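Single-structure report; data block below.
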Amino acid sequence: MTESWTSDRRPSLAGRLARLGFTGAAHAERLLHEAERDGAGPVGDDLLDALGGTADPDLALAGLLRLLAAAGEQGAAGELRDALAKEPGTRERLTTVLGVSAALGDHLARHPGHWRVLRDGGPPPAGTPRDDLLAAVGADPAAAEPVASGSGPETLVALRVAYRRRLLALAGRDLIGAADVPEVAAELADLAAAALEAGLAVARAEVPGHGACRLAVIGMGKTGGRELNYVSDVDVIFVAEARGDGGDEPEDAALRTATRLASAMMRSCSASTEEGALWEVDAALRPEGKAGPLVRTLASHRAYYERWAKTWEFQALLKARPVAGDAELGARYMDTITPIVWKAAEGESFVEDVQAMRRRVEADLGRRTADSERQLKLGPGGLRDVEFAVQLLQLVHGRADGTLRSPTTLDALADLSQGGYVGRDDAAALASAYRFLRRVEHLVQLHRLRRTHLVPDDEDGLRRLGRALGLRTDPVGEFTALWRRHAREVRRIHEKLFYRPLLRAVARLPGEEARLTPEAARTRLEALGYGDPAGALRHIEALTSGVSRRAAIQRTLLPVMLGWFADAPDPDAGLLGFRQVSDALGTTPWYLRLLRDEVTVAERMAWVLGCSRYATDLLLRAPEAVAILGSDADLTPRPFESLRSEALAAARRHAEDASSAEEAVGVVRGLRRRELFRVAVGDLLGMTDVRTVGDALTGIATVTVEAALRAAVHKIEMESREPLPTRMAVVAMGRYGGHELGYGSDADVMFVHEPLPGADERAAGRAAHAVAEELRRLLALPAPDPPLEIDPDLRPEGRQGPLVRTLASYAAYYARWSEPWEAQALLRADPLIGDAGLRDRFRALIDPVRWPEGGIDDDAVRQIRRLKARMEAERLPRGVDRRLHTKLGPGGLADVEWVAQLLQLQHAHEVPALRTTRTLDALDAAVQARLLDAEDAAVLEEAWCLATRIRGALMLVRGRASDLLPTDHHRERSAVSRVLGYPGTGDLLEDHRRNARRARAVVDRVFYGAE
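Residue numbers (our numbering): 1258 to 2268.
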């Protein structure tokens, strides 16, 4: 042994302490001096070096001096000092524990004799943990049902002291590397099981008549999986039965006794004493959770799991094992429940539940708190990521493969790798990260023996962690980098874990690694939500097979994209669409490079393809539009004038002869296709609101119709070899005129013309009619874009009237024949296209009709109300639940719009702000003019917006228009709900019905005049 430190060597001591790693060298020097003065004797150089080698030398020194003082009070300091001087192993274990755990330092100061469990070859705690802890509470370990000698505070204290003595011995082996993470976790679980057994013995001493029942304690979670950490809630389930034979009354009485026993056992472990508590015993994983009875019979457990349990509950049962109480009853519980777990995994709701569980975990990670980045357990790349992934794969594949049913995470991960369900390298990386994270978790909890999963945010705490892990050059920096690297690796692998082996199953990649069988690959795809797993495998094979650079990039992309498709409402459609787009663009050099380098593009593409047939069809017809997915700015609807300039310029370039009209309109329709895709994607990603979508779709329709009008005029002029003898304009009507077009809306229009001075009116009429018919023909030609139907049926006299009228004819008609409903229809008329002067003159013509001086009279109001009532009775399709009809149902679009329009007909002559074609603007104006209560307007607006969004979502999801909320087709109903941001289909239906009901009450009062 080297020379001891003495006071006459003090001038060099502070520097040496600093070099050894003491952060408070002066304070440490003072402590050493005071200890020598108080008779503790000098600290040898070997001991000083050992202290300097600990995670926190200052903490270790303070703990050692307190232990020496306490041992001195018991006359045992000499033995301790001799052991520290002569036993290197003892010195290493004791100083290492003291440098990590202030709490165990406190324990040693209270119980100085316990240092002996850390000695070289010292006396280990007697017997097994169970025997040791039962003896501590005065119970006979050999008894069939051990009973403690009492249940008072002294018994609980004895239990805690014996438990921590065991914990101290384990920590000594753990912290010097003599026991690895799985071994430590298993011993901690066994120690917890022993404490539960001792707690049950204490409960028997407290509960009279405990022999009337048999009680088994089933360990769950980390306790059941034998992977417990130092301080954790201990999850349990209780099962009981009456002793002997008897009727209902004995069983009820036995359950009451068992419940008292279970409650007393939980208190014996969690009650606070002068030695603190052990940990909380948590029975919340039992059937029905905290709302259910604490204790059930085996039959009751079985009935619950066979009829009511959810997939997550079976996931929790993967780790169940008997840990205390009646061993025979616990074994019967396992024999009964285990088959149910794997049988339940074959149920109809399994796939849906697995998907919901995955989404819930991702959502939890998305709702990060300020501390989430420091979370070892729940943070991104944390322990939960590894555990959840392993358990989910066990549920998916353990149904058919009995080798995958280990309750321990690392064992299960090794089994999954051995079977080819997880790649060998991925499994090794996950196992390494899991061990590291669990070791850090152990170190964090050992410091104060508190339940925490947070990495410290202070320099001292991070330094202590780094040094405990052997990082000495830059403990804080090295630890932080190592932790972040492991977390990133876990997150990266977790995102691909379910999908990467699917590629190996079909791509015939070289290598000796075990692969998923085709059957296992289909099972996994089915569990992830793919309805046609065989078809999905064909798509994967087509995309990834071969040695080309394209196939190599796809093999990199697909593991992540398959997960994104699985998160979408229709994974099969998403994967099929991706294959089709990839086939169309696969030889284009920028496409795969864009997906590989721009994660946002690939993720957005997966979502769009997996939830919208409408957008998918648009993309398949113009696959190069995928390039706009990378930028939020590119998904914002383009300004109308910019769009108009591009469309008209494109039409002009193709307007050289009469045969080019089709080509010119074809080019403009291609532009329309691209812009519809832009709006649809922005809508699907939640980047636009109802008004923005309506304005954008109206603008796209307007530039398309205007370009078609110009092409039609040019063609008619080329065919007649003379300029058009009349001016023309197109008047937008209905939702088109209201700037509220949906994806599936027709373009309601009226055509108006005005012969040029000196022109023959009949010839002008024929020319105008020819232009209108040609416009409709050009826009109706078969083309790879959604049709834009031109519907002129709102014109005077409807289908019986002329397709095109002169301005004078419109004036004569409205002066003589117009009905109140036609004035109402004109409220939405907006001359958008054609000759500017004619548009202004038409607007001046109709304004007095739709906004009559003095408003409409009572007779007109009655006519409008009767018409509305007749429409409600006659226009709804037969057999349709009117409450689900977003347009004509109660509280639907028509209800809200007719309220706004009635107010306009009555008051627009005196309230200029009401002179608008837009529904929501009219409601706002009515509120400002105090014609409508603000709360009523808010109710109407909310119902109108939701109904409009539902109609839009129906078109986006199905690719065809509908006004009816889907009720039969589960996937469509789910997809519409997801697109609209609802967690479940029931939530959407409930929201729609509530809004519609409230809106209808306003309609009855404001429109119909009901009290």
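Cβ atoms here follow ideal geometry from the backbone N, Cα and C, with glycine treated the same way. Only a predicted model underlies this, so the values are computations on that prediction, with no experimental measurement involved.
Whole angstroms are fine: how far does the CA of Val-1496 sit from the CA of Asp-1509?
The residue you call residue 1509 lines up with position 252 of the sequence shown. The residue you call residue 1496 lines up with position 239 of the sequence shown. Straight-line Cα distance between these residues: approximately 13 Å.
Taking the straight line between their C-alpha atoms, what separation do you get for Arg-2119 and Met-2128?
Taking the sequence shown and counting its residues from 1, one reaches residue 2119 at position 862. Taking the sequence shown and counting its residues from 1, one reaches residue 2128 at position 871. Approximately 14 Å, taken between the alpha carbons.
Tell me where the alpha helix (DSSP H) around Asp-2178 begins and ends.
To locate residue 2178, count along the sequence shown from 1; it is residue 921. Start and end: 2176–2185.
How many angstroms separate the CA atom of Ala-1986 from the CA atom of Val-2263?
For the purposes of this step, residue 1986 is taken as the residue at position 729 of the sequence shown. For the purposes of this step, residue 2263 is taken as the residue at position 1006 of the sequence shown. In a straight line, the C-alpha of Ala-1986 is about 36 Å away from that of Val-2263.
Based on DSSP bridge pairs, tell me the residues matched to Ala-1799.
Residue 1799 sits at position 542 when you count from the first residue of the sequence shown. Looking at the DSSP assignment, Ala-1799 forms no beta bridge with any residue, so it has no partner.
Under three-state DSSP, which class holds Met-1985?
Position 728 of the sequence shown, counted from the start, is the residue given in the question as residue 1985. In this structure, Met-1985 counts as strand in the three-state DSSP scheme.
Enumerate, from N- to C-terminal direction, the unbroken beta strand (DSSP E) stretches of 3 or more residues contained entirely within the region 2100–2153.
none
If you reduce the DSSP assignment to three classes, tell me which class Leu-2221 lands in.
Position 964 of the sequence shown holds residue 2221. Reduced to three states, the DSSP call for Leu-2221 is strand.
Relative to the C-alpha of Thr-2176, which candidate in Asp-1682, Gly-2112, Gly-1995 has its C-alpha closest?
Within the sequence shown, numbered from 1, the residue matching residue 2176 stands at position 919. Of the candidates Asp-1682, Gly-2112, Gly-1995, the one whose C-alpha sits nearest the C-alpha of Thr-2176 is Gly-1995.
Near Arg-2085, which residues of its chain fall below 7 Å by C-beta distance, leaving aside the five closest residues on each side in sequence?
Sequence index remark: in the sequence shown, residue 2085 carries index 828 (1-based). So the list reads Met-1990, Gly-1991, Gly-1994, Gly-1995, Thr-2174, once near-sequence residues are dropped.
On the DSSP bridge assignment, give the partners of Pro-2014 in chain order.
Numbered from its first residue, the sequence shown carries residue 2014 at position 757. DSSP output for Pro-2014 lists no bridge partner at all.
Would you kindly work out how many angstroms separate the C-alpha atoms of Ala-1415 and Asp-2248, rounded to a whole number?
What you label residue 1415 is simply residue 158 of the sequence shown in a count that begins at 1. What you label residue 2248 is simply residue 991 of the sequence shown in a count that begins at 1. For the pair Ala-1415 and Asp-2248, the Cα-to-Cα distance works out to about 58 Å.
With H, G and I counted as helix, E and B as strand and the rest as coil, what does DSSP make of Ile-1494?
As a position in the sequence shown, residue 1494 is number 237, starting the count at 1. It is a strand residue.
Nearest-angstrom Cα distance between Glu-1860 and Trp-1821?
In the sequence shown, counting from the first residue as 1, residue 1860 sits at position 603. In the sequence shown, counting from the first residue as 1, residue 1821 sits at position 564. Taking the straight line from one Cα to the other gives about 6 Å.
Taking just the CA atoms, how far does Ala-1443 sit from Ser-1358?
What you label residue 1358 is simply residue 101 of the sequence shown in a count that begins at 1. What you label residue 1443 is simply residue 186 of the sequence shown in a count that begins at 1. So the alpha carbons of these two residues sit roughly 20 Å apart.
Is there contact between the region 1348–1362 and the region 1315–1333, where contact requires at least three CB pairs shorter than 8 Å?
yes
Given 8 Å as the limit, is there contact between the region 1648–1659 and the region 1703–1710, that is, 3 or more CB pairs closer than that?
These segments do not touch.
Considering Arg-1578, what are the terminal residues of the beta strand (DSSP E) in which it resides?
Sequence index remark: in the sequence shown, residue 1578 carries index 321 (1-based). Taken as a continuous stretch (DSSP letters only), the beta strand (DSSP E) holding Arg-1578 covers 1578–1582.
Rounded to a whole number of angstroms, what is the C-alpha to C-alpha distance between Ala-1473 and Gly-1676?
Stepping through the sequence shown from its first residue, residue 1473 is reached at position 216. Stepping through the sequence shown from its first residue, residue 1676 is reached at position 419. Distance between the alpha carbons of Ala-1473 and Gly-1676 is about 34 Å.
Figure out for me which residue from Glu-2229, Glu-1920, Pro-2014, Ala-1405 has the closest Cα to the Cα of Arg-1984.
Sequence index remark: in the sequence shown, residue 1984 carries index 727 (1-based). The shortest C-alpha separation from Arg-1984 is found at Pro-2014.
I'd like to check one pair, Ala-2004 with Ala-1953: are the Cβ atoms closer than 7 Å?
Along the sequence shown, one-based indexing puts residue 1953 at 696. Along the sequence shown, one-based indexing puts residue 2004 at 747. Taking 7 Å as the Cβ cut-off, Ala-1953 and Ala-2004 do not qualify as a contacting pair.
Can you find the residues in the same chain that come closer than 6 Å, C-beta to C-beta, to Ala-2157, ignoring five residues on each side of it along the sequence?
What you label residue 2157 is simply residue 900 of the sequence shown in a count that begins at 1. If we look at Ala-2157 and ignore the five residues flanking it on each side, its Cβ neighbours are Thr-2176, Ala-2179, Leu-2180.
Assign Pro-1846 to one of two classes, buried (16 or more other C-beta atoms within 10 Å of its C-beta) or exposed (fewer than that).
Looking up residue 1846 in the sequence shown gives position 589. By the 10 Å Cβ count, Pro-1846 comes out exposed.
Between which two residues does the alpha helix (DSSP H) harbouring Leu-1703 extend?
As a first step, residue 1703 is located in the sequence shown; it is residue number 446 there, counting from the start. Its alpha helix (DSSP H) spans residues 1681–1705.
Given 8 Å as the limit, is there contact between the region 1728–1737 and the region 1456–1468, that is, 3 or more CB pairs closer than that?
no
Under 6 Å Cβ to Cβ from Gly-1395, same chain only, skipping five residues before and after it: list those, please.
On the sequence shown, position 138 is the one that residue 1395 refers to. For Gly-1395, where only same-chain residues beyond five positions count, the Cβ hits under 6 Å are Ala-1405, Ser-1406.
Does Ala-2069 come out as helix, strand or coil in the three-state DSSP assignment?
Here residue 2069 is taken as the residue at index 812 of the sequence shown, counted from 1. Helix, per DSSP.
Run through the DSSP bridge pairs and tell me what Met-2007 is partnered with.
Within the sequence shown, residue 2007 is the residue found at index 750, counting from 1. Answer is Val-1988.
Go through its chain and collect everything with a Cβ distance to Ala-2210's Cβ below 7 Å, but skip five positions before and after it.
On the sequence shown, residue 2210 is found 953 positions in, with the first residue counted as 1. Val-2233, Val-2236, Leu-2237, listed in sequence order.
Hey, could you find the ends of the beta strand (DSSP E) Ala-1473 is sitting in?
For this step, residue 1473 is matched to residue 216 along the sequence shown. 1470–1476 is the span of the beta strand (DSSP E), which, as asked, contains Ala-1473.
Just to confirm, is the Cβ distance from Val-1747 to Val-1643 under 7 Å?
To locate residue 1747, count along the sequence shown from 1; it is residue 490. To locate residue 1643, count along the sequence shown from 1; it is residue 386. For Val-1747 and Val-1643, yes; Cβs fall inside 7 Å.
Determine the DSSP secondary structure at Gly-1309, reduced to helix, strand or coil.
For the purposes of this step, residue 1309 is taken as residue 52 along the sequence shown, with counting starting at 1. For Gly-1309, the secondary structure class from DSSP, reduced to helix, strand or coil, is helix.
Per the DSSP calculation, Gly-2091 is bridged to which residue(s)?
If you number the sequence shown from 1, residue 2091 lands on position 834. Its beta-bridge partners are Ala-1986.
For the region 1847–1867 against the region 1830–1838, are there 3 or more C-beta pairs whose distance is under 8 Å?
yes
Anyone know if the C-beta pair for Arg-2208 and Gly-1867 falls short of 7 Å?
Within the sequence shown, the letter at position 951 stands for residue 2208. Within the sequence shown, the letter at position 610 stands for residue 1867. Cβ distance not < 7 Å, so Arg-2208 and Gly-1867 don't count as in contact.
Helix, strand or coil for Thr-1347? Go by DSSP, reduced to three states.
Indexing the sequence shown from 1 puts residue 1347 at position 90. Helix, per DSSP.
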